[in-house]
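Since the structure comes first, as structure tokens, the remarks are kept for the end.
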Amino acid sequence: MFELAPGADASALARAVDAVVAHHDALRIRFAYDPAQRAWVQHNAPAEEGDVFSVVDAVGMVEAQVAERMTLAQTSLSLADGPLIKVVYFDRGEEPGWLGITVHHLVMDGVSWNVLLEDLDSAYRGERLPAKTTSFQQWAEKLQTYATSDKARAQLPYWTEQVESGFAVPVDEPGGANTEADQRCAAGRAVAGAG
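All letters in the sequence shown, in the order written, are residues 140 to 334 by the numbering used here.
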């Protein structure tokens with residue numbers, strides 16, 4: 140959730156969101172289970188057909204109502220049908236507007252948020268977005284090629300040994316119980332003794 144500068148233009152925001160979604164292939168990924176292959180299959184939609192951007196009259200809205208609206212946006216994300224991003228502009232009248240953005244965690248990580256926000260800002264100001272880097276599809280194809288290369292195969296004995304050798308996780312009390320109840324008890328003692 141972001142507070143925008145006074146006078147934000149909802150139409151320009153909608154155009155910026157459309158530009159960013161069109162620019163970033165990962166925001167249009169779809170996942171569907173294919174019973175014939177007995178596997179999940181991923182593909183990219185050529186365009187986002189679902190509603191990504193919406194405007195809410197938020198004059199007089201309380202925080203709980205805003206949170207409820209963002210929860211609705213988040214729960215409407217669909218891996219199979221899209222969209223995987225929702226952007227809600229809360230128009231607060233004379234007060235600066237709020238911009239709520241939710242993106243499915245399968246297509247967005249912490250680093251990607253910076254890219255998304257920079258591109259959204261550039262598109263809002265009418266600037267061209269930077270040239271695309273390696274597409275998700277190209278990256279996946281290169282990764283597959285590397286995985287079957289002689290260079291990757293040469294590393295296989297090392298990684299196989301790591302898995303086969305096993306390792307023991309250090310414990311405070313060898314032979315002690317390993318239950319959720321014990322974890323809570325240990326955490327409770329740590330907090331009580333911290334004072």
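Virtual Cβ for every residue (Gly too), placed ideally from N, Cα, C. Remember, it's a predicted structure, so these values are computed and weren't measured experimentally.
Output the boundary residues of the alpha helix (DSSP H) element that contains residue i.
i: Q204; result: E202 to T214
Just how far apart, CA to CA, sit residue i and residue j?
i: W237; j: D157; result: 18 angstroms
i: A175; j: A184; result: 21 angstroms
i: P296; j: V205; result: 54 angstroms
i: L245; j: L216; result: 11 angstroms
i: S261; j: L268; result: 7 angstroms
i: K271; j: R167; result: 15 angstroms
i: S350; j: L211; result: The chain is shown from 140 up to 334; residue 350 falls before or after that span and cannot be answered.
i: E312; j: S304; result: 23 angstroms
i: E233; j: A149; result: 14 angstroms
i: D190; j: V227; result: 11 angstroms
Can you tell me whether residue i is buried or exposed? The criterion is at least 16 other CB atoms within 10 Å of its CB, across all chains shown.
i: L152; result: buried
i: F141; result: exposed
i: Y81; result: Any answer about residue 81 is impossible in this case: the structure gives the chain only from 140 up to 334.
i: K281; result: exposed
i: A279; result: exposed
i: P145; result: exposed
Return the first residue and the last residue of the beta strand (DSSP E) that residue i is part of.
i: S150; result: Counting along the chain, S150 falls outside any beta strand (DSSP E), though it belongs to the alpha helix (DSSP H) covering A149 to H162.
i: T241; result: W237 to V242
i: A171; result: I168 to D173
i: K290; result: Segment D289 to S304 is the alpha helix (DSSP H) holding K290; no beta strand (DSSP E) there.
Quiz item: Are the region 197-204 and the region 219-226 in contact at 8 angstroms, needing three or more beta carbon pairs?
Solution: Output reads no: the region 219-226 does not touch the region 197-204.
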